[in-house]
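Peer 1: Can you read through this structure? Questions will come right after.
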Amino acid sequence: MNRETACEVYRRLLEHYPVVGERRHFIDFANPYEALIQTILSAQTTDRAVNAVHDALFSRYPTPEVLARAEPEEVEPIIHSIGFHHAKARYIVGTARRLVAEFGGEVPQTMEELRTLPGVGRKTANIVLSHAFGINVGIAVDTHVRRVSKRIGFTNSTNPDIIERDLVALFPEEAWRDINYLLIRHGRAVCTAQNPKHEQCLVADLCRYYRALNAGE
DNA sequence: ATCCCGAGGG
DNA sequence: CCCTCTGGAT
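Written out as structure tokens, the structure is:
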């Protein structure tokens, strides 16, 4: 697929998805510390759930230094409603302690350093870098991104590293952060693994999978 | 009942 | 690769 078509896909998805009543929204990051902690907490939950806990958490633990002195057991009830609270309480306290002990209380700004923090994987590091620091570090390929990219025709590969390389080559750097989430949203809402909703799809006319489907009949 | 904008661990 | 960890929204 050429860049023009890819960018047309990007434009259509960008215009549509913020408006469609998605139940998830990007967290408004106040500072890198809060951004990091909130993003760790966001794994496998809604941002609404994380936002619901925001004030209680950060009024009690406003800085990495304060959170580092806490015990996971006392943090756990505060974040209970988001789920996975047992592991996540340990993650954020452990992360705060490493920030203080090894990074001078600051959030590191490289993928390598971020990923050494407990609870921070590729996806979380990507989000923190792109949203909190404006550093574009590529596209995190999950199952949604993989499926959608293959169907539309952004890539021919099933290898996540090659898929990322193809996507990165196809979109301008400023778009990486957004295209990442647009593909995930689109994959969940419309381009589902089973019974994709072609009637609702904004980019069906540009989609390789959809065109092949119709050509066969 | 079903799904989940992940990470860690086996 | 597989599994587990959890509550909440729908």
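Last residue of the first sequence? That's 217 in the UniProt record's numbering, and every number before it is there in order.
No residue lacks a Cβ here, since even glycine has one placed at the ideal position from N, Cα and C.
Since we're looking at a predicted model, the values are computed, not measured.
#1: Output the boundary residues of the alpha helix (DSSP H) element that contains M111.
#2: Helix, strand or coil for T45? Go by DSSP, reduced to three states.
#3: Using 10 angstroms around the beta-carbon of T110, count the other beta-carbons present and answer buried if the total reaches 16, otherwise exposed.
#4: Looking at the secondary structure, which residues open and close the alpha helix (DSSP H) in which A140 lies?
#5: Please classify A215: does DSSP put it in a helix, a strand, or coil?
#6: Between the segment 147-163 and the segment 118-130, do three or more beta carbon pairs fall short of 8 angstroms?
#7: Checking 9 angstroms against the spacing of the C-beta atoms, do L13 and L202 come in under that value?
#8: Only counting the same chain, and skipping five residues up and downstream in sequence, which positions put a Cβ closer than 8 angstroms to that of residue 250?
#9: Using beta-carbon positions only, say whether S130 and R177 come within less than 9 angstroms of one another.
#10: So is A215 buried or exposed if we call it buried at 16+ other beta carbons inside 10 Å?
#11: Which of helix, strand or coil does DSSP assign to residue 218?
#12: Please list the segments of the alpha helix (DSSP H) lying wholly inside the UniProt domain "HhH-GPD" (41-189), counting only runs of 4 or more residues, in order along the chain.
#13: How many Å lie between G138 and A175 at the Cα?
#14: I'd like to check one pair, N195 with A140: are the Cβ atoms closer than 9 angstroms?
#15: Classify G21: buried if its beta carbon has 16 or more other beta carbons within 10 angstroms, exposed otherwise.
#16: Report yes or no: do three or more beta-carbon pairs, one from the segment 60-68 and one from the segment 93-107, lie closer than 8 angstroms?
#17: Report all residues from its chain with a CB closer than 8 angstroms to the CB of Y10; omit the five preceding and five following residues, and keep chain order.
#18: What is the DSSP secondary structure of Y17, reduced to helix, strand or coil?
Peer 2: On the basis of the coordinates in this document:
#1: Note, M111: alpha helix (DSSP H), M111 to L114.
#2: Coil at T45, not helix or strand.
#3: The C-beta of T110 has fewer than 16 other C-beta atoms within 10 Å across all chains shown, which makes the residue exposed.
#4: From DSSP, A140 is part of no alpha helix (DSSP H); its letter is neither H nor E.
#5: Per DSSP, reduced to three states, the secondary structure at A215 is helical.
#6: No: the two stretches stay apart, fewer than three of their Cβ pairs being nearer than 8 angstroms.
#7: Yes, these two residues count as a Cβ contact at 9 angstroms.
#8: Given a span of 1 to 217 for the chain in the structure shown, any question on residue 250 remains unanswerable.
#9: Yes; because the gap between Cβ atoms is below 9 angstroms, this pair is in contact.
#10: Flag for A215 reads exposed.
#11: Residue 218 falls outside the range modelled here, since the chain spans only 1 to 217, and no answer is possible.
#12: With a minimum length of 4 residues, the continuous alpha helix (DSSP H) runs that stay inside the UniProt domain "HhH-GPD" (41-189) are 47-60, 64-69, 72-75, 85-102, 111-114, 122-127, 143-152, 160-170 and 176-189.
#13: Straight-line Cα distance between these residues: approximately 10 angstroms.
#14: No. Outside cutoff.
#15: With a pLDDT of only 45 at G21, under 50, the local geometry of the prediction cannot be trusted, and the value read off the model is given with reservation. By the beta-carbon neighbour count (other beta carbons within 10 angstroms, threshold 16), G21 is exposed.
#16: Touching, per the Cβ criterion.
#17: Once the five neighbours on either side are set aside, the close Cβ partners of Y10 are F171, A175, D178, I179 and L182.
#18: Secondary structure of Y17 (DSSP, three-state): coil.
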